[in-house]
Every structure is written in C-alpha cells, then in structure tokens.
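Notes follow once the structure below has been shown.
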Amino acid sequence: KYLYCIIKEKAPRKFNILGQEEKEVYTINEDGLAIAVSDTPKEEYSFIKEHLTGHQKVIEEIMKEGYDVLPVRFGTIAKSEEDVKEKVLKSERKRLLETFPIVEGRVELGLRAFWKDMSSIFQEIVKEDPEIQRAKREVQKNPLQLKVASVGELVQKSLDLKREKEASKILSPLKKLAVDFKERKLLRSRDVMKDSMILSSAFLVSKENEIEFDKRVRAFSEEYDKRIRFIYMGPIPPFNFVELHLEV
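So the sequence shown is residues 2 to 249, counted in the working numbering.
What follows is the structure, encoded as structure tokens:
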C-alpha cells in the first residue's frame, strides 16, 4: 500500500483520482481516522518528478473535498492493510490526533518573487552606493584583478541588502495574515546578473484569511508589475509545516 495522507473520516472512501501506477485511491479506516492509500507492486519509489507530482496531486485532490490533511512523507509504503491499521492508525493514534490541530482549518500557500530586470537593479545599486561608485572609478584607473573582485564583493553585498529589504516589505503584511511562516532556501545563481530571486516562502494560513491573503498577493503583483515577477502557489499540502515520517 502506498500512503498519501491522514484524514479524519469514519466511513471508507474512494477518491476520484488515480494515484501512483494509475491505481485507485481509497481509505483504510480505524476509529475515526483514515489514511488514503493506493495499491502498488513496488517496494520503493525514486525521487523523480512524475512520482513526486503524483504524490502531491492526490493529496491536493483530497483537500479539494474539504478535508484537513496530515501529509505522509513521499515514498512511504506498507506491506498490507493490517500493517497500516496496526502500525499507523492504532499505534500512532495519539501522535496523529495531537498533530491535527496544526492543520485544521488551515492551508499552505507558497510565494516566490524574482526581479524582472537585473540590469536596472544593478544601476540602482551603483547609484545608491557611493562606495561602489568610488571602487568603480579606481578600477577604471587601475584595472587590477584584485580591485575588480573587490567591486564584485561590494555589489553582491548591496544586492543582498536590497533583496532583504524588498523581501521584508512584501513579507511583513503577509506574515500578519499567517498562523505560521517559513523561509525556504533561495535558488541562487553564481552569475550575479542572474541572481534574481528575492524570496521563497511558505505560509500556513487560516482558511478564513485565505481570500484576504490572495488579495494582498494580487495587490503586490499589480504594484510591482514592472519590477517583480511573483509565483503564487496554493492551497497545497502543508509539507513545510507537517510531514509524517511513519515506520511501516
């Protein structure tokens, strides 16, 4: 059995989505708790996009039906229905019930932001920083490799400060609408001219605040239309706030 997520459900369910290996997704139930599973001939799954996407899409489909979900770690497989009941729904019952309040009535929303035109960002940096201006003039007079490198370091430092400042301006009002918040690792480029990511964040948001959160993101997208490209994701499974590692 391939495991997707835990939900609160008394009655056995079948869901209108195919899981891994194009198999039917259904629940195994025990005393008010249920785990969404599909049958699989495999004993393990590799971390390829097709499998990862399949795992997430099943959970998203279950969320669309109004369920609060505790997502199970990708690639978790149990040998039998009996193992699922005994090793998860019974032996882990206390932990599962204690974890549910983290996600109940809440969704995860993701936001990434990128500068659209790095050349204009660098023009701003040079214009705003007298130290960089001086260093550039020195390099033009005496273009030693060491001095060129020092200018690059100054530019990188100013870029990081600008990134931090603009990210804070965006994140500050959004964090007020969230129950929890996590910064994800930025996708950085060795080429400073391509180092355009400003933020990559996950928010755990109450469903009653989701519409207001959407409005704020749309407002930022309009306000910074010529400067910043936003990628807004959600609702998505709350992997950044809960991910069950189950021994089955």
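All residues carry an ideal CB built from backbone N, CA and C; glycine is no exception.
Given that a residue counts as buried once 16 or more other Cβ atoms are within 10 Å of its Cβ, and exposed if not, what is ILE49?
Locating residue 49 in the sequence shown gives position 48, counting from the first residue. ILE49 should be labelled exposed.
In this structure, does DSSP put LEU147 in helix, strand or coil?
For this step, residue 147 is matched to residue 146 along the sequence shown. Any reading at LEU147 must be qualified, since the residue scores a pLDDT of 48, below 50, and its modelled position is unreliable; the value itself is stated next. Here LEU147 sits in helix by DSSP.
Are the beta-carbon atoms belonging to PRO238 and ILE60 less than 7 Å from one another?
For the purposes of this step, residue 238 is taken as the residue at position 237 of the sequence shown. For the purposes of this step, residue 60 is taken as the residue at position 59 of the sequence shown. Yes. Within cutoff.
Could you have a look at PHE240 and say whether DSSP puts it in helix, strand or coil?
Within the sequence shown, numbered from 1, the residue matching residue 240 stands at position 239. Residue state, collapsed to three classes: coil.
Could you check if MET64 is buried or exposed, using at least 16 other CB atoms within 10 Å of its CB as the buried criterion?
Your numbering for residue 64 matches position 63 in the sequence shown. Counting Cβ neighbours within 10 Å, MET64 comes out buried, since at least 16 surround it.
Who are the near neighbours of GLU244 in its chain, counting only those whose CB is closer than 7 Å to its CB and skipping five residues on each side?
Locating residue 244 in the sequence shown gives position 243, counting from the first residue. Excluding residues within five positions, the ones whose Cβ falls inside 7 Å are PRO72, ARG74.
Going by DSSP, what residues sit across from VAL38 in a beta bridge?
Within the sequence shown, residue 38 is the residue found at index 37, counting from 1. Per DSSP, LEU4, TYR27.
What is the DSSP secondary structure of ILE18, counted as helix, strand or coil?
The residue given as residue 18 occupies position 17 in the sequence shown. Reduced to three states, the DSSP call for ILE18 is strand.
Alpha carbon of LYS11 to alpha carbon of GLY55, nearest angstrom
Locating residue 11 in the sequence shown gives position 10, where the first residue counts as 1. Locating residue 55 in the sequence shown gives position 54, where the first residue counts as 1. Rounded to whole angstroms, LYS11 to GLY55 spans 25 Å at the Cα level.
Taking a contact to mean a Cβ-Cβ separation below 7 Å, would you say GLU167 touches ILE199 in this structure?
The sequence position of residue 167 within the sequence shown is 166, counting from 1. The sequence position of residue 199 within the sequence shown is 198, counting from 1. Yes, Cβ-Cβ distance for GLU167 and ILE199 is below 7 Å.
Terminal residues of the alpha helix (DSSP H) in which GLU211 lies
Position 210 of the sequence shown, counting from 1, holds the residue named residue 211. 211-224 is the span of the alpha helix (DSSP H), which, as asked, contains GLU211.
Starting from GLY111 and walking both ways along the beta strand (DSSP E), at which residues does that stretch end?
Position 110 of the sequence shown, counted from the first residue, corresponds to residue 111. 107-116 is the extent of the beta strand (DSSP E) around GLY111.
Straight-line gap, LYS163 to ARG185 (C-alpha atoms, nearest Å):
Translated into positions along the sequence shown, residue 163 becomes position 162. Translated into positions along the sequence shown, residue 185 becomes position 184. Cα to Cα, LYS163 sits roughly 18 Å from ARG185.
Just to check my reading of the structure: GLU211 and VAL104 have Cβ atoms closer than 8 Å, yes? What is that Cβ distance to the nearest angstrom?
Translated into positions along the sequence shown, residue 211 becomes position 210. Translated into positions along the sequence shown, residue 104 becomes position 103. Not a contact, Cβ separation roughly 14 Å.
Contact defined as beta carbons within less than 8 Å: I believe LYS88 pairs with VAL249. What is the distance between those atoms, to the nearest angstrom?
The count along the sequence shown starts at 1 and reaches residue 88 at position 87. The count along the sequence shown starts at 1 and reaches residue 249 at position 248. Sure, about 5 Å apart at Cβ, within 8 Å.
Between the Cα of GLY76 and the Cα atoms of ASP40, LEU205, GLU165, which residue gives the shortest distance?
As a first step, residue 76 must be located in the sequence shown, where it is residue number 75. Checked all of ASP40, LEU205, GLU165; the closest Cα to GLY76 is ASP40.
For the beta strand (DSSP E) that GLU184 lies in, which residues bound it at each end?
Against the sequence shown, residue 184 aligns to sequence position 183. Taken as a continuous stretch (DSSP letters only), the beta strand (DSSP E) holding GLU184 covers 181-184.
Put ALA79 into one of helix, strand or coil per three-state DSSP.
Here the question's residue 79 lines up with position 78 in the sequence shown. Three-state DSSP puts ALA79 in coil, outside helix and strand.
Use the C-beta contact count for GLY67: other C-beta atoms within 10 angstroms, 16 or more gives buried, fewer gives exposed.
Position 66 of the sequence shown holds residue 67. Classification for GLY67: exposed.
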